[in-house]
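If you're matching them up, the sequences are chains A and B in order.
In this text, residue positions in the first sequence follow UniProt numbering: the first is 1, and each later residue adds one.
In this text, residue positions in the second sequence follow UniProt numbering: the first is 1, and each later residue adds one.
Just so you know, even glycine gets a beta-carbon here, dropped at the ideal spot from N, CA and C.
Remarks on the structure that follows.
Protein chains: 2
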Amino acid sequence: MRKTKTPLPADSVAATRTAEYKAAVVRENRRVTSYDVALLAGVSQSAVSRCFKPGASVSPTTYARVMKAAAGLDYIPNAAARSLITRRSNMVAVVMCHVANLYYPEALAELSQQLARRGKRVLLFTVQHEDEVEHILGDIWQYQVDGAIIAATLSDEQVQEFERRGLPLVVFNRNLRGRTVNSVLCDQYEAGRMLATRLAAAGHRQFGIMAGPDGSAVAAERRAGACDRLLELGLPPPVLVTGQFDYASGARGLRELIERLGHPPDAVICGNDVMALGCLDLARHELGIDVPGTMSVAGFDAVEPTGWLSCNLTTLRQPMHNMALAAADLLTSMIESHGSHLAEKRTFAPQLVPGATARLAPLAGASLAA
Amino acid sequence: MRKTKTPLPADSVAATRTAEYKAAVVRENRRVTSYDVALLAGVSQSAVSRCFKPGASVSPTTYARVMKAAAGLDYIPNAAARSLITRRSNMVAVVMCHVANLYYPEALAELSQQLARRGKRVLLFTVQHEDEVEHILGDIWQYQVDGAIIAATLSDEQVQEFERRGLPLVVFNRNLRGRTVNSVLCDQYEAGRMLATRLAAAGHRQFGIMAGPDGSAVAAERRAGACDRLLELGLPPPVLVTGQFDYASGARGLRELIERLGHPPDAVICGNDVMALGCLDLARHELGIDVPGTMSVAGFDAVEPTGWLSCNLTTLRQPMHNMALAAADLLTSMIESHGSHLAEKRTFAPQLVPGATARLAPLAGASLAA
DNA sequence: TTGTATGCGTTATCAA
DNA sequence: TTGATAACGCATACAA
Numbered sequence: 001m002r003k004t005k006t007p008l009p010a011d012s013v014a015a016t017r018t019a020e021y022k023a024a025v026v027r028e029n030r031r032v033t034s035y036d037v038a039l040l041a042g043v044s045q046s047a048v049s050r051c052f053k054p055g056a057s058v059s060p061t062t063y064a065r066v067m068k069a070a071a072g073l074d075y076i077p078n079a080a081a082r083s084l085i086t087r088r089s090n091m092v093a094v095v096m097c098h099v100a101n102l103y104y105p106e107a108l109a110e111l112s113q114q115l116a117r118r119g120k121r122v123l124l125f126t127v128q129h130e131d132e133v134e135h136i137l138g139d140i141w142q143y144q145v146d147g148a149i150i151a152a153t154l155s156d157e158q159v160q161e162f163e164r165r166g167l168p169l170v171v172f173n174r175n176l177r178g179r180t181v182n183s184v185l186c187d188q189y190e191a192g193r194m195l196a197t198r199l200a201a202a203g204h205r206q207f208g209i210m211a212g213p214d215g216s217a218v219a220a221e222r223r224a225g226a227c228d229r230l231l232e233l234g235l236p237p238p239v240l241v242t243g244q245f246d247y248a249s250g251a252r253g254l255r256e257l258i259e260r261l262g263h264p265p266d267a268v269i270c271g272n273d274v275m276a277l278g279c280l281d282l283a284r285h286e287l288g289i290d291v292p293g294t295m296s297v298a299g300f301d302a303v304e305p306t307g308w309l310s311c312n313l314t315t316l317r318q319p320m321h322n323m324a325l326a327a328a329d330l331l332t333s334m335i336e337s338h339g340s341h342l343a344e345k346r347t348f349a350p351q352l353v354p355g356a357t358a359r360l361a362p363l364a365g366a367s368l369a370a
Numbered sequence: 001m002r003k004t005k006t007p008l009p010a011d012s013v014a015a016t017r018t019a020e021y022k023a024a025v026v027r028e029n030r031r032v033t034s035y036d037v038a039l040l041a042g043v044s045q046s047a048v049s050r051c052f053k054p055g056a057s058v059s060p061t062t063y064a065r066v067m068k069a070a071a072g073l074d075y076i077p078n079a080a081a082r083s084l085i086t087r088r089s090n091m092v093a094v095v096m097c098h099v100a101n102l103y104y105p106e107a108l109a110e111l112s113q114q115l116a117r118r119g120k121r122v123l124l125f126t127v128q129h130e131d132e133v134e135h136i137l138g139d140i141w142q143y144q145v146d147g148a149i150i151a152a153t154l155s156d157e158q159v160q161e162f163e164r165r166g167l168p169l170v171v172f173n174r175n176l177r178g179r180t181v182n183s184v185l186c187d188q189y190e191a192g193r194m195l196a197t198r199l200a201a202a203g204h205r206q207f208g209i210m211a212g213p214d215g216s217a218v219a220a221e222r223r224a225g226a227c228d229r230l231l232e233l234g235l236p237p238p239v240l241v242t243g244q245f246d247y248a249s250g251a252r253g254l255r256e257l258i259e260r261l262g263h264p265p266d267a268v269i270c271g272n273d274v275m276a277l278g279c280l281d282l283a284r285h286e287l288g289i290d291v292p293g294t295m296s297v298a299g300f301d302a303v304e305p306t307g308w309l310s311c312n313l314t315t316l317r318q319p320m321h322n323m324a325l326a327a328a329d330l331l332t333s334m335i336e337s338h339g340s341h342l343a344e345k346r347t348f349a350p351q352l353v354p355g356a357t358a359r360l361a362p363l364a365g366a367s368l369a370a
């Protein structure tokens, strides 16, 4: 204790006491708790707790003293302890497959933002293939998240486990047939149909379809939509190849299409943009094919590079912002309703981005206006 | 109770008891706890706890009984409760600025994977601008993460707060001058120098430098490296413009360069790849400039599209995989050493990706061999 | 190896 | 409005 002739001003005394407290906490290798703050502020621990709960009843003077003590001690409530009793962790598990791919980051960024706006943080689970999801479910249960948004295909058993555990679940961009589960998706089947319709209307007859990998549900639906529509229209059966959703696959796919047909198809519908760009580059820069003069190329997703001059791809956009918003809303609503929320499927329409790599017929509405 | 003439087989009895337990848990609106498992397995709660702790001493029979009971009740230890006592949440905060940008997703995916391998999960904090970081620090303290990896510039005070709270911190790809803080980075200054050197050696004299936004430390270092090197080489002062790291900025920047010079520069060093591609597209497709014949264009990051045929950009690659690995290692080591880990800065060299948008002189070594 | 007892840091209930 | 007290679900020291 330092001795002074004149008594210390109140502020200084407070500062000294605060410093002593902090030293004690460090010495005893503890964390700063609400109890420390209470002691320093001269109130009960529950008073401190109430000060950090919005809308609790505390007198202004108590509040001020507590906040001052808390600030001095760098006190922040411990979310783990809180979640133990409130049963709310304010964390949401987000599961994604290829975060490094071009389309997921946008979804993730939007989700993170929308959830943050609702006071929830994203606990991220990345996985290389969709079938690895099983391995991380255990972690999801452990971490006591308030809910999960999963951009992967779940089995019936897996969905049931969510239900059994009462864990709110939103499936993102996967169409789980036969299961009533909350989901947000872009209508991939319709997207495939739409592209086929518009291309066919422009006079293309021989189609090549370069689908995504076999494991992908999204790929399967886009392919099915396009194929079904072409069949309906009575066009010659399209030639079908598959790729891995990557750039190299796009080039390989086009080579295979040409080999099987003996010539380039009139139009190539690619499973996603990256494949479409691989296809496009090969056609233009290696094979010297006139796109869209003699061959049209289109993709899905409208990822950023498709808007660039040198790409300017014809593609279909998924309204990612709205989808993320919907997912966050659905999940929040489930969390808040404690399971009484009815399962809902929110499907968004894809939006055609004309680009310059495909000849498209004008819309019916446009021709009327002409 | 169902009455049966013959006694139920042991398995069936167990199943019935398990079902009763589950029903009770639901009825009382509780969660399944280690205590429930203990009761069902006929052991103490601590025995259950030990069964879920790797390397604890439990007899095989106890272990088997506990695990059976646990499986029957879908029991999983509660990580929040555990973290309260172990002081480990097994969560790491990752803070990033524009997750939707092309370069971050790769970093995030790598980080998530490397951390998962070490038993840690990523709690994601996304932010629009680097100066918003301040707002999320409070959340970081709350969530009791074991450490943080931050891809944003921190102020001295902010770094000090991490130290004060004893929270392990790794700064990702930001060079915090004057502060001893663990960081992993790619040498952006050297990258700028390298590009200037190689372009100058190929005979380019009049440079345009299209830097990234003013707020970005990475942008500033790349620009400084290039400028300093050009000055050293005694070349005419480069014309300097800035952009926002986006595609549109690249085109705008080139227009501005041409306007200020009266003609295209010999070479444009762009602050990142996306701007470089914007610049390149404008030059080739709108202005009809021969790239790299009369003007060279180069960028930084080697994001995926730069490898595509129609882009094939000359750029510098950051060894993201190694950087993520280093960051995860640094952080784990800090966490495990309880603060005795000495601050370390791990700097990785950028790697030139020649591409086809810039004339580059052969390396000194190559010319010797000739 | 096993069980008992205690504490982690908070919120919630209730009486004052 | 305030304070005492009891959970929340687990891990750990200690005794058996």
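{"Query": "Could you check whether LEU40/B and ARG121/A sit closer than 7 Å to each other, using their CB atoms as the reference points?", "Result": "no"}
{"Query": "What three-state label does DSSP hand GLY215/B in the structure shown?", "Result": "coil"}
{"Query": "Below 7 Å CB to CB, which residues in the same chain sit around TYR35/A once its five sequence neighbours on both sides are set aside?", "Result": "GLN45"}
{"Query": "The alpha helix (DSSP H) with THR68/A in it runs from where to where?", "Result": "The residue asked about is misnamed: residue 68/A is Lys in this sequence, not Thr. Segment 60-73, the alpha helix (DSSP H) holding LYS68/A."}
{"Query": "What does the alpha-carbon distance come out to for the pair ALA64/A and ASP228/B?", "Result": "53 Å"}
{"Query": "First and last residue of the beta strand (DSSP E) that includes THR33/A?", "Result": "Per DSSP, THR33/A belongs to no beta strand (DSSP E) and is neither H nor E."}
{"Query": "Between HIS285/A and chain B, is any beta-carbon pair separated by less than 7 Å?", "Result": "yes"}
{"Query": "Residues of the stretch 71-82 of chain B in Cβ contact with chain A at a cutoff of 9 Å, in chain order, please.", "Result": "ASP74, ILE76, PRO77, ASN78, ALA79, ALA80, ALA81, ARG82"}
{"Query": "Secondary structure at ALA370/A, three-state DSSP: helix, strand or coil?", "Result": "Note that ALA370/A has pLDDT 31, beneath the 50 cutoff, so the model's placement of it is unreliable and the number below is only indicative. The answer is coil: DSSP assigns ALA370/A none of H, G, I, E or B."}
{"Query": "What are the residues in the stretch 116-131 of chain B lying within 8 Å of chain A by C-beta distance?", "Result": "ALA116, ARG121, VAL122, LEU123, LEU124, PHE125, THR126"}
{"Query": "Using the Cα positions of SER367/A and MET194/B, report the straight-line distance between them to the nearest angstrom.", "Result": "Low local confidence applies: a pLDDT of 42 at SER367/A is under 50, so the model's placement there is unreliable, and no value is given."}
{"Query": "Starting from SER89/A, find everything on chain B with Cβ-Cβ shorter than 7 Å and list it in chain order.", "Result": "ALA80"}
{"Query": "My output table needs one value for MET275/A: the three-state DSSP class, helix, strand or coil.", "Result": "helix"}
{"Query": "One question on the structure: do ALA358/B and SER310/B come within less than 7 Å of each other, judged by their Cβ atoms?", "Result": "no"}
{"Query": "Between PRO354/A and chain B, is any beta-carbon pair separated by less than 7 Å?", "Result": "no"}
{"Query": "Hey, would you say VAL32/B sits closer than 7 Å to LEU84/B, going by beta carbons?", "Result": "no"}
{"Query": "Along the alpha helix (DSSP H) that carries ALA196/B, what are the first and last residues, could you check?", "Result": "188-201"}
{"Query": "So with Cβ pairs under 7 Å, would you call ASP281/A a contact of chain B?", "Result": "yes"}
{"Query": "Given that LEU235/A touches chain B, what residues does it touch there, using C-beta distances under 8 Å?", "Result": "Near LEU235/A there are no residues of chain B at all, since even the closest Cβ is about 30 Å away, more than 8 Å."}
{"Query": "Between LEU309/A and chain B, is any beta-carbon pair separated by less than 7 Å?", "Result": "yes"}
{"Query": "Leaving aside the five residues before and after VAL66/B along the sequence, list all residues of the same chain whose C-beta is less than 7 Å from its C-beta, in chain order.", "Result": "VAL37, ALA41, VAL43, ALA47, VAL48, CYS51"}
{"Query": "Excluding five sequence neighbours on each side, which residues of the same chain lie with their C-beta closer than 6 Å to the C-beta of ALA15/A?", "Result": "none"}
{"Query": "For ARG117/A, does the count of other Cβ atoms within 10 angstroms reach 16, so buried, or fall short, so exposed?", "Result": "exposed"}
{"Query": "Give the residues of chain B in contact with GLN160/A, contact being defined as C-beta atoms less than 7 Å apart.", "Result": "Chain B residues near GLN160/A: none, gap ~11 Å exceeds 7 Å."}
{"Query": "Can you tell me which residues form a DSSP beta bridge with ARG317/B?", "Result": "ASP301/B, GLN351/B"}
{"Query": "Closest to LEU331/A by C-alpha separation, out of VAL25/A, ARG82/A, ASP146/A, would be which residue?", "Result": "ASP146/A"}
{"Query": "Leaving out five residues before and five after MET1/A in sequence, what residues of the same chain have Cβ atoms less than 6 Å from its Cβ?", "Result": "Any reading at MET1/A must be qualified, since the residue scores a pLDDT of 34, below 50, and its modelled position is unreliable; the value itself is stated next. None."}
{"Query": "Answer with buried or exposed for PRO354/B, where buried requires no fewer than 16 other C-beta atoms within 10 angstroms of its C-beta.", "Result": "exposed"}
{"Query": "Anyone know if the C-beta pair for LEU316/A and ALA202/A falls short of 7 Å?", "Result": "no"}
{"Query": "Kindly indicate if chain A contains any beta-carbon less than 7 Å away from that of GLN114/B.", "Result": "no"}
{"Query": "What residues in the stretch 144-158 of chain B bring their beta carbon closer than 9 Å to a beta carbon of chain A?", "Result": "GLN144"}
{"Query": "What three-state label does DSSP hand CYS51/B in the structure shown?", "Result": "helix"}
{"Query": "For the beta strand (DSSP E) holding THR357/B, just list the boundary residues, first then last.", "Result": "Per DSSP, THR357/B belongs to no beta strand (DSSP E) and is neither H nor E."}
{"Query": "In chain B, which residues lie less than 7 Å from GLY138/A when you measure between Cβ atoms?", "Result": "ILE76"}
{"Query": "State the Cα-Cα distance for the pair THR197/A and ALA81/B, rounded to the nearest angstrom.", "Result": "56 Å"}
{"Query": "Does the pairing of the stretch 177-186 of chain B with the stretch 278-298 of chain B give three or more beta-carbon distances under 8 Å?", "Result": "no"}
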